[in-house]
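I have placed the structure first, in the form of structure tokens, so that the comments after it can refer back to it.
Numbering (my numbering), first residue to last: 414 to 719.
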């Protein structure tokens with residue numbers, strides 16, 4: 414029995430929900446399109462189990478609950494999943510704001526409507542909310558580890574294909590800072606660029622000459638490269654895989670040559686256990702690819718009320 418999924422048109426979404434996505438820095442149309450694509454992937458020809466076991470006129474209420482402590486994100490996408498399947502025939506209540514710290518047992522959202530539709534949207538809603546809450550929770554842990562220092566945690570471009578905007582949104586929900594979004598909005602000179610250009614300063618100057626209005630970040634591996642770049646006028650330097658003593662010396666060199674005006678970012682194999690040690694060197698930012706590339710999902714569940 415073929416029962417193709419019919420989704421709600423974007424223009425039928427509640428205006429406050431669209432405004433919430435815009436306020437969160439997300440493209441509402443692109444975000445909704447991603448949710449719809451996920452539903453189509455999950456329901457190519459009908460939710461066969463729900464169609465077989467649930468009466469067509471059955472209605473129910475289900476609760477999202479946190480099964481561990483952490484920071485939630487992506488609940489707005491979970492609501493979008495239910496809206497996509499059920500349109501106006503779903504009531505969403507008690508949705509806590511993305512970025513809220515929760516404990517095990519906390520209810521974070523409830524949905525009421527046709528039972529078949531609730532269960533059809535369940536997995537897509539949970540996939541988004543569990544993954545993005547995992548990103549937000551990992552980020553919040555770094556923020557807590559850095560509390561009382563001047564350093565802040567940055568994300569990277571090590572994101573899952575197609576999910577960059579959402580993962581970076583979750584980083585913001587956790588209190589972190591977004592680095593560049595693409596290869597176009599910020600120039601970042603890395604080791605292969607340095608080799609191709611013949612050195613850190615030639616690479617930096619080539620980018621500055623070609624894109625004079627673009628922000629430029631340059632990766633260095635030793636203090637001589639840093640000195641050369643600071644003299645050349647580079648204002649953001651990434652300290653790659655340096656130990657704490659070398660980073661401390663790098664901060665001192667920045668103070669000596671620029672009165673500390675250049676931004677220094679620590680990167681490369683950093684763990685949360687070393688967070689305060691690295692922050693104590695005086696760097697401005699710590700970039701952490703693990704926030705997005707290998708995060709543990711957050712345990713959220715959806716349960717129908719009996």
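For glycine and all other residues, C-beta sits at the position ideal for the given N, C-alpha and C.
If residue i and residue j are in contact, beta carbons under 8 angstroms, what's the gap, nearest whole angstrom?
i: residue 490; j: residue 444; result: 7 angstroms
i: residue 507; j: residue 520; result: 6 angstroms
i: residue 503; j: residue 525; result: 7 angstroms
i: residue 479; j: residue 516; result: 7 angstroms
Once DSSP output is grouped into helix, strand and coil, what is the label at residue i?
i: residue 492; result: helix
i: residue 655; result: coil
i: residue 677; result: strand
i: residue 436; result: helix
i: residue 609; result: helix
i: residue 527; result: strand
i: residue 486; result: coil
i: residue 420; result: coil
Can you pull the DSSP bridge partners for residue i?
i: residue 717; result: 475
i: residue 699; result: 566, 679
i: residue 427; result: BP columns for residue 427 are empty, so no partner.
i: residue 668; result: For residue 668, which the question treats as bridged, DSSP gives no partner whatsoever.
i: residue 520; result: 478
i: residue 514; result: 484
i: residue 555; result: Looking at the DSSP assignment, residue 555 forms no beta bridge with any residue, so it has no partner.
With 16 other CB atoms within 10 Å as the buried threshold, where does residue i fall?
i: residue 682; result: exposed
i: residue 627; result: exposed
i: residue 547; result: buried
i: residue 442; result: exposed
i: residue 595; result: exposed
i: residue 672; result: exposed
i: residue 605; result: exposed
i: residue 623; result: exposed
i: residue 642; result: buried
i: residue 608; result: exposed
i: residue 638; result: buried
- prompt: Touch check for the segment 654 to 661 and the segment 530 to 542: three-plus C-beta pairs under 8 angstroms?
  reply: With a cut-off of 8 angstroms, the segment 530 to 542 and the segment 654 to 661 do not count as touching, because too few Cβ pairs lie within range.
message: For the pair the segment 686 to 698 and the segment 455 to 474, tell me if three or more CB-CB distances fall below 8 angstroms.
response: Between the segment 686 to 698 and the segment 455 to 474, the count of Cβ pairs shorter than 8 angstroms is below three; the stretches do not touch.
query: Does the segment 561 to 568 touch the segment 585 to 593, meaning 3 or more C-beta pairs lie closer than 8 angstroms?
result: The answer is yes - the segment 561 to 568 touches the segment 585 to 593, with three or more Cβ pairs under 8 angstroms.
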